[in-house]
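Protein sequences appear in the order of chains A, B, C, D and E.
Taking this note's numbering as reference, the numbering of the first sequence is continuous, increasing by one, and the terminal residue is 185.
Taking this note's numbering as reference, the numbering of the second sequence is continuous, increasing by one, and the terminal residue is 1185.
Taking this note's numbering as reference, the numbering of the third sequence is continuous, increasing by one, and the terminal residue is 2185.
Taking this note's numbering as reference, the numbering of the fourth sequence is continuous, increasing by one, and the terminal residue is 3185.
Taking this note's numbering as reference, the numbering of the fifth sequence is continuous, increasing by one, and the terminal residue is 4185.
The structure appears below as structure tokens.
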Amino acid sequence: METIKNDGNVKNDGNVKSNVAIKKVGIADTMFSRIDMFKFAEQAIKDSKEKEIEIGIEVDIEIERYTVPGVKDLPVACKKLFDEWDCDIVVALGMSGSMPIDKTCTHEASLGIQHVQLDTNRHILEVFIHQDEAMTEKELYEIARRRTYSHTLNALALLKGKATLTPKAGMGIRQGKDDVGPIRI
Amino acid sequence: METIKNDGNVKNDGNVKSNVAIKKVGIADTMFSRIDMFKFAEQAIKDSKEKEIEIGIEVDIEIERYTVPGVKDLPVACKKLFDEWDCDIVVALGMSGSMPIDKTCTHEASLGIQHVQLDTNRHILEVFIHQDEAMTEKELYEIARRRTYSHTLNALALLKGKATLTPKAGMGIRQGKDDVGPIRI
Amino acid sequence: METIKNDGNVKNDGNVKSNVAIKKVGIADTMFSRIDMFKFAEQAIKDSKEKEIEIGIEVDIEIERYTVPGVKDLPVACKKLFDEWDCDIVVALGMSGSMPIDKTCTHEASLGIQHVQLDTNRHILEVFIHQDEAMTEKELYEIARRRTYSHTLNALALLKGKATLTPKAGMGIRQGKDDVGPIRI
Amino acid sequence: METIKNDGNVKNDGNVKSNVAIKKVGIADTMFSRIDMFKFAEQAIKDSKEKEIEIGIEVDIEIERYTVPGVKDLPVACKKLFDEWDCDIVVALGMSGSMPIDKTCTHEASLGIQHVQLDTNRHILEVFIHQDEAMTEKELYEIARRRTYSHTLNALALLKGKATLTPKAGMGIRQGKDDVGPIRI
Amino acid sequence: METIKNDGNVKNDGNVKSNVAIKKVGIADTMFSRIDMFKFAEQAIKDSKEKEIEIGIEVDIEIERYTVPGVKDLPVACKKLFDEWDCDIVVALGMSGSMPIDKTCTHEASLGIQHVQLDTNRHILEVFIHQDEAMTEKELYEIARRRTYSHTLNALALLKGKATLTPKAGMGIRQGKDDVGPIRI
């Protein structure tokens, strides 16, 4: 099920494990954002790798980063991460302002991100932070950290297959804030 | 009219009825939802099969399930259920929050779902539950149960042909709540 | 200008007039609607045929009907009426609720219908009835009857060519309600 | 730069100037509109031709007119004017009502018109009159006349090349109302 | 990584440096705008070239300008700058009015610009000035100047690669107004 990307010139010298599946995660981010969300995504991938190694799984994850001015520049960056940089999945990191025009911009960016996913048949995990969803900068930072971290893990799970997240279906899971949990009847 | 999917290696040993049409129903659901709507869809398919067997029809239904974080991840999951998992129809199960941003997300998901249907020429039954359409969690759960069940049956009907639902046209049918019925003049 | 659809096996036995252009009108409708709008469309086609016969025109109209749950299922039904049922034009019949979510759904359906028209280069006459445009059920029924009837005639006119409706251009024509008429300066 | 459309059978008899570039302008209009905007477009083309002849230019303009019920039928009409009638540019004439539903319809039409332009790489000059932008019918008529006339001239200018309108860039030009003019610092 | 555009007939006579990468920047602008934003874009490119020459880099930038009536005409102009004029990136300059209809138009233009980017896999830097974001004409002019200048530099940076802007990621950068800066925790 895993495709092995290999340029044909990799020498198997004993240190390099052959047949290790290499997956490429694209991470697109913006100058507009007031928080460097990339580092949280990177941390999630690092933590995930360590856990996988502990349990003996050898999927190797490479990161391609693409930085653009603002959220409206993200969709084509994601498209290029798929088409030109051969990514298997993308995490799109953005922050949205609190004025009506900002909300319109974010909506346009989200529609573009839908478009890219359907053109490429690949997932883009949209991690957007809205400046008006927190009362303080500290709280906003914490939401950004948690949402980016969780959605990066979601991206890694989706790379493994369509049922990897199924045990959590219908469980009221949130990213960036506490889970709400399932309705109990 | 029915296409038979067969890998060529199915042995007809007497137990396996040859020429039974196999249909694949994709079911996409989310971790965000507070209700495991999948089980209602599964129940509808099971009940339908039993009824069909009673009256001697032998269409076999297989289910492919795809779980994603939230509603905005559903469109590409539906696309992949068609393109990579060979589904004939998809039921998309989602729950939407009650904040304006949630409504925007749901709208973006719905536009994506339109896009997928038109790209693939196949139906996606969109089963979205809105947290503000019920006063209590119990009521919300009941809406989710009924809407999922009814729309899964609608999916099975649409698989049979374009006129299967015609006897109910113009009858004020609702899913999740009581039918309103036709206007009588 | 008219394309003759003929499967090659039609025998010209004297009763069948050869070279009669056959046009297929698709009619998509919903279970959600509280009014069976299909019958008004059918009546318009019947009445039109009779008038044409009176004046010696022999275009034959066939109807393909496709029934879906609600307005959001109409776009792909229209697409299939074109691609799988070979329709030349489609009339899409729907009723929209009066809640904000209903208006969003109708907007999504309308965007899907735009998409289908541009993918296929064929017209879809969108006949949507809004539950809040009338004070009484009787009035709503009358709007539905008149709008469906008029737009079905518009569909038949568009089938004949791009200038068939030109004599009525700029005349303030309405469907379902009285014409407003042109501004007189 | 100009493409010469010629069916190959045009005889050059002395009266017909050979190598005259023929351009086709599509004009799509509606029955819904309360003003026959087509005649203003036609006048603009006629006036433009006369001016060109005065200064010795021999570009010949042909008009293809397409009439549809309302603004939502315009996008596919424009698409057909390009694909089936070989137009080089289209002017889309519409009037929009003043109710919220009318504004939604116009928005859907405009999105469709965007779609057509990007599919065909050709301009559509959208001339939409909004019933609520004038206090009197007379004023509305005058806006319609001026906007249609100006935008038709814009269409003819765009046919000549991408820099034809450049001398007017940033000048606060309006169509249908008086120009606002540039900001002077 | 750089593609060299060369018509094959360039003679290398000593003055022409061979292997100099030529990049084409498209600039689309409008007659509607009350400010000639093009000149700010041109200045940014000129300033950038001078800086590059100082440090010995020889990328040559050519400009293609396309002027249209208003923002809704920009998307297809951008598309043509890519497809017919071979631009590598486009800067789209527009001004938006302050009425609701103007905001809708700008939204439609922005969606079209998303569409073009995803069709062509190239960036369009959207530089839109909103008449209601400033109290005075002088302030509006200054926003236009700064936003156009900054986004043109962003365009040049994106031409160099996907990580050129990475040092500024998450830094709360704004165009047209002062940077907000990163959140410090």
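Ideal placement from N, C-alpha and C gives every residue a C-beta, glycine not left out.
Bear in mind that the values here come from a model prediction, so they are computed numbers and not experimental data.
Counting only C-beta atoms, is residue i closer than 9 angstroms to chain C at any point?
i                   : result
Leu-1081 of chain B : no
Ser-3033 of chain D : yes
Gly-3112 of chain D : yes
Asp-3007 of chain D : Because Asp-3007 of chain D carries a pLDDT of 44, less than 50, the predicted location of this residue cannot be relied on, and the following value inherits that uncertainty. No, Asp-3007 of chain D does not count as interfacial toward chain C.
Which residues does DSSP list as the beta-bridge partners of residue i?
i                   : result
Arg-65 of chain A   : A:Ile-27
Leu-4093 of chain E : E:Val-4127
Ile-22 of chain A   : A:Asp-60
Under 9 angstroms, Cβ to Cβ, is there at least one residue of chain D near residue i?
i                   : result
Leu-2118 of chain C : yes
Gly-2170 of chain C : yes
Ile-4101 of chain E : yes
Val-4091 of chain E : no
Glu-4062 of chain E : no
Say whether chain E places a C-beta atom closer than 9 angstroms to the C-beta of residue i.
i                   : result
Lys-3162 of chain D : yes
Glu-52 of chain A   : no
His-115 of chain A  : yes
Any beta carbon from chain A within less than 9 angstroms of residue i's own beta carbon?
i                   : result
Glu-1133 of chain B : no
Gly-4097 of chain E : no
Ile-4045 of chain E : no
Val-1025 of chain B : no
Thr-1104 of chain B : yes
Ala-1041 of chain B : no
Ala-1021 of chain B : no
By the criterion of Cβ-Cβ separation under 9 angstroms, what are the contact partners of residue i in chain E?
i                   : result
Pro-3182 of chain D : Ser-4033, Arg-4034, Ile-4035 and Asp-4036
Ile-129 of chain A  : Chain E residues near Ile-129 of chain A: none, gap ~10 angstroms exceeds 9 angstroms.
Does residue i pass the burial test, meaning 16 or more other C-beta atoms within 10 Å, or should it be called exposed?
i                   : result
Arg-1184 of chain B : exposed
Thr-4136 of chain E : exposed
Gly-2161 of chain C : exposed
Lys-1138 of chain B : exposed
Glu-126 of chain A  : buried
Ala-163 of chain A  : exposed
Val-4010 of chain E : Since pLDDT at Val-4010 of chain E reaches only 40, below the 50 mark, its modelled position is unreliable, and the value read off the structure follows with that caveat. Classification for Val-4010 of chain E: exposed.
Met-4099 of chain E : exposed
Ile-2045 of chain C : buried
Pro-4075 of chain E : buried
Lys-4176 of chain E : Here the sequence assigns Gly to residue 4176 of chain E, which means Lys is not the residue at that position. Looking at its Cβ environment, which holds 16 or more other Cβ atoms inside 10 Å, Gly-4176 of chain E is buried.
Lys-3051 of chain D : exposed
Thr-1152 of chain B : buried
Asp-73 of chain A   : buried
Report yes or no: is there a C-beta of chain B within less than 9 angstroms of the C-beta of residue i?
i                   : result
Arg-2065 of chain C : yes
Lys-2177 of chain C : no
Ile-173 of chain A  : yes
Taking residue i as the query, report the chain D residues whose CB atoms sit under 7 angstroms from its CB, ordered along the chain.
i                   : result
Lys-4138 of chain E : Ile-3185
Interface residues of chain C around residue i at Cβ under 7 angstroms?
i                   : result
Ala-1144 of chain B : Simply none; closest approach about 15 angstroms.
Which bits of chain C does residue i rub up against, with CB to CB less than 8 angstroms?
i                   : result
Thr-3152 of chain D : Those within 8 angstroms of Thr-3152 of chain D in chain C number zero; the least Cβ separation is about 15 angstroms.
Counting only Cβ pairs nearer than 7 angstroms, list the residues of chain E close to residue i.
i                   : result
Tyr-149 of chain A  : The premise fails here: Tyr-149 of chain A is roughly 15 angstroms from chain E at the closest Cβ pair, so nothing lies under 7 angstroms.
Glu-3126 of chain D : Lys-4072
Val-59 of chain A   : Simply none; closest approach about 24 angstroms.
For residue i and residue j, which I take to be in contact (beta-carbon distance under 8 angstroms), what is that distance rounded to the nearest angstrom?
i                   : j                   : result
Arg-1145 of chain B : Phe-1040 of chain B : 5 angstroms
Glu-4108 of chain E : Gln-3114 of chain D : 6 angstroms
Gly-2181 of chain C : Gly-2172 of chain C : 5 angstroms
Leu-2093 of chain C : Phe-2038 of chain C : 6 angstroms
Pro-1069 of chain B : Thr-1030 of chain B : 6 angstroms
Tyr-4066 of chain E : Gly-4112 of chain E : Not a contact, Cβ separation roughly 14 angstroms.
Lys-4024 of chain E : Asp-4086 of chain E : 6 angstroms
So which residues of chain D does residue i contact, with C-beta pairs closer than 8 angstroms?
i                   : result
Leu-2156 of chain C : Within 8 angstroms Cβ-Cβ: nothing; Leu-2156 of chain C doesn't reach chain D, min ~12 angstroms.
I want to verify the contact list: residues of chain E whose CB lies under 8 angstroms from the CB of residue i, in sequence order.
i                   : result
Leu-3165 of chain D : Met-4031, Thr-4067, Val-4068 and Pro-4069
Verify the CB distance criterion: does residue i have a CB-CB separation below 9 angstroms to chain G?
i                   : result
Ala-2109 of chain C : Absent from the structure: chain G. Protein chains present are A, B, C, D and E.
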